[in-house]
Structure formats: structure tokens, C-alpha cells
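K.L.:
Protein chains in written order, with our numbering: chain A, 1 to 148; chain B, 1001 to 1145.
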């Protein structure tokens, strides 16, 4: 049997996209890099791989997709396999309001959420860098992407 | 004539970069995925195809590298979600659109600055996700006519 010759999704310059639908749990692995996850339909618990087991540059994006009355139907919680693995912050805030950062003070975090108060289209990016995951994101709702 | 033997930019983990220069129109294609378009040197009307016709995971970025002219990206009605954050330093966030609505037109208007940017990704059949940032209040607009 010969090797597959076609380009993968990443080799084609596209992202993988997975709609999580009504799934309630997801354990990420090395193979999930370059993937966009559409979330918000069901309460979803996501566990990141151990940072120590991933290559630098591993990356995923979560987009709030399923909304009820303009906000996400349920909360997605993304948690590191270990503690204090997340650095960075999410920026939140409504139109014509101050930026509300999460976490409020610079430091390491264990989890980031696309909270049920967040809006459709709000997003979180996670990239493995060194011994940490670098987290960025933006929400049009105050503190819609809490980190703790 | 033989095939090109080199690896694609994507397979090298890089993005293509294309300066639109004096071009006045652009219709995006599936093959444009993974491309950074530099724009603003000339008034440009960009057509974002119906998302139903684009492969899921398709993605592009537009970066203003010239403040001369307006760049308008127009898609099919109400196929975009997300928002662009705008505002000067030390000012309130000004979001585009101001509320979480579906929209279909993104404009780098006069007054947007070098380095302002918009990302577009096809995330499902009939739906694009938009994110971006502009350092001048509401100089990137997202509207639904």
C-alpha cells in the first residue's frame, strides 16, 4: 500500500473545523493542531494536552457558535492538564465600554471559558509556546471569556 | 512543461503574502486560502464568495499597508459573524458591528491606519467568522446593508 500523496488540510492552507454540537467532553491531543472548534451548544469540558508533551506551535481556536437570544447557549470550559499552564489574556467589553481583561492581573491561569454570557462570534486562540499555552481572545460581552 | 517541485507555502508552515497594489477589484477564490493581502494603495472592491461555495477552513487576512484608499469587502447577505475591535489608545472599545448581528460587508474606510487588519475564515457551510483590530474608532466597519 502506497503512502497517501494528497496534501493534508494544513498543507492546503486551510484549517480543520469541528462543530462540537451536543458533545459534553473533549480531550485534545497533538493531532488537533490547526483546528477551529465551534462551541456553545452544550456545556462542554475541554482538557488540553500536557504542555510538556506538545511541540511548540501547536494551535487551536474556539469560536462561540451556537447562540440563544444572542448569547451562547452553554459554557465551554477549557482546562490545562496541569496547573498554571496558561499565560496571556482575553480582552472583553461591549461597544463603547472599557476593556475588561481576563485575568484582571497578569499571571498564570488554569482555565479559560467561553461563558454562556459571551456572544456568537467571540473567540479564543491557544498556542503552545515553551512550557506554557499562550491564550488570546476577544468577546463583545464584559468578562465573557473568563480566565482563572 | 513539468510540475513545480517546490513545497507550497502552507506545507512549509508559512502564509502567502500578496500586495494588491493598484488593483481595483479582487474576487476571492478557494485557492486564496492561507493568504495575507496587503491593501489600501488603491480603491479596491473585494468580492467574498458565497460561503456555501467555499471550503470549510478557508482563511485569509487583509492588512492595510497603505492609507491612500478605501477597501471594501462584500459578501453574500448575512454570512458573517464575529466582530472587529476599533478605537484609539486609551479609549473605550468601539465594536463593529456594535451588536452581535449577521453582516456581509467589511470596509477599511478612510482614516484606518497602517497595520489595521481583518481575518476571515469559513467555519461552516454558509458562514464566515470575522475578527480584526483597528487603532482608529470605527474606521473598519462591518455592516449589513
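Quick reminder that beta carbons are idealized off the backbone N, C-alpha and C, glycines included.
Of the choices B:1041, B:1054, B:1011, B:1108, whose alpha-carbon is the least far from that of residue 1129 of chain B?
P.N.:
Residue B:1054 is the option with its Cα nearest to residue 1129 of chain B.
K.L.:
State the Cα-Cα distance for the pair residue 1143 of chain B and residue 52 of chain A, rounded to the nearest angstrom.
P.N.:
Rounded to the nearest angstrom, the two C-alpha atoms are 43 Å apart.
K.L.:
Okay, do the segment 103 to 122 of chain A and the segment 56 to 68 of chain A touch, 3+ Cβ pairs below 8 Å being the bar?
P.N.:
yes
K.L.:
Looking at residue 1040 of chain B and residue 1071 of chain B, is the spacing between their C-beta atoms short of 8 Å?
P.N.:
yes
K.L.:
Return the first residue and the last residue of the beta strand (DSSP E) that residue 25 of chain A is part of.
P.N.:
25 to 27
K.L.:
Go ahead and pull the three-state DSSP assignment for residue 1023 of chain B.
P.N.:
coil
K.L.:
Considering only the beta carbon of each residue, do residue 1060 of chain B and residue 1028 of chain B sit closer than 8 Å?
P.N.:
yes
K.L.:
Check whether the Cβ of residue 81 of chain A lies closer than 8 Å to any Cβ atom in chain B.
P.N.:
Chain B contact via Cβ: absent.
K.L.:
How many Å lie between residue 28 of chain A and residue 35 of chain A at the Cα?
P.N.:
10 Å
K.L.:
How would you label residue 1088 of chain B, buried or exposed, when you count the other beta carbons within 10 angstroms and need 16 or more for buried?
P.N.:
Exposed.
K.L.:
Taking buried to mean at least 16 other C-beta atoms within 10 Å of its own C-beta, is residue 1001 of chain B buried or exposed?
P.N.:
With a pLDDT of only 43 at residue 1001 of chain B, under 50, the local geometry of the prediction cannot be trusted, and no value is derived from it.
K.L.:
Can you tell me where the beta strand (DSSP E) with residue 1088 of chain B in it begins and where it stops?
P.N.:
It is not in any beta strand (DSSP E) - residue 1088 of chain B carries neither H nor E in the DSSP assignment.
K.L.:
Runs of 3 residues minimum, wholly inside the segment 87 to 116 of chain A: which ones carry the beta strand (DSSP E) assignment?
P.N.:
100 to 102, 111 to 114
K.L.:
Rank B:1093, B:1008, B:1145, B:1133 by C-alpha distance to the C-alpha of residue 1104 of chain B and give the top, closest one.
P.N.:
It is B:1145.
K.L.:
Checking contacts by CB at 8 Å: is residue 1001 of chain B closer than that to chain A?
P.N.:
Caution is warranted here: a pLDDT of 43 is assigned to residue 1001 of chain B, below 50, making its placement in the model unreliable, and no coordinate value can be reported.
K.L.:
State the DSSP-derived secondary structure class of residue 19 of chain A, mapped to helix, strand or coil.
P.N.:
strand
K.L.:
For residue 69 of chain A and residue 1098 of chain B, I'd like the C-alpha separation in whole angstroms.
P.N.:
16 Å
K.L.:
For residue 77 of chain A, which option in A:142, A:26, A:130 has the closest C-alpha, if you only look at C-alpha atoms?
P.N.:
A:26
K.L.:
Tell me whether residue 1100 of chain B sits in a helix, a strand or coil according to DSSP, three-state version.
P.N.:
coil
K.L.:
Can you name the residues of chain B whose CB is closer than 7 Å to the CB of residue 10 of chain A?
P.N.:
Within chain B, the residues near residue 10 of chain A are 1010.
K.L.:
Taking the DSSP output, what are the residues bridged to residue 228 of chain A?
P.N.:
This structure cannot speak to residue 228 of chain A, because chain A is shown only from 1 to 148.
K.L.:
Tell me, to the nearest whole angstrom, how far the beta carbon of residue 134 of chain A is from that of residue 127 of chain A; I am working on the premise that it is less than 8 Å.
P.N.:
5 Å
K.L.:
Can you tell me the Cα-Cα spacing of residue 32 of chain A and residue 49 of chain A, whole angstroms?
P.N.:
10 Å
K.L.:
I'd like to know whether the C-beta atoms of residue 1058 of chain B and residue 1035 of chain B end up nearer to each other than 8 Å.
P.N.:
Contact flag unset, no.
K.L.:
Kindly say whether residue 13 of chain A, judged by its beta-carbon, lies nearer than 8 Å to any beta-carbon of chain B.
P.N.:
yes
K.L.:
Drop a sphere of 10 angstroms on the beta-carbon of residue 12 of chain A, count the other beta-carbons inside from all chains shown, and report buried for 16 or more, exposed for fewer.
P.N.:
buried
K.L.:
Given a cut-off of 8 Å on the beta-carbon distance, is the pair residue 1073 of chain B and residue 1106 of chain B in contact?
P.N.:
yes
K.L.:
Name the residues in the segment 84 to 105 of chain A whose C-beta lies less than 8 Å from a C-beta of chain B; which are they?
P.N.:
91, 93, 94, 95, 96, 97, 98, 99
K.L.:
Quick one: Cα of residue 1141 of chain B to Cα of residue 1083 of chain B, how far?
P.N.:
9 Å
K.L.:
Would you say residue 1079 of chain B lies against chain A (beta-carbon separation less than 8 Å)?
P.N.:
no
K.L.:
In whole angstroms, what is the alpha-carbon distance linking residue 43 of chain A and residue 1024 of chain B?
P.N.:
In a straight line, the C-alpha of residue 43 of chain A is about 46 Å away from that of residue 1024 of chain B.
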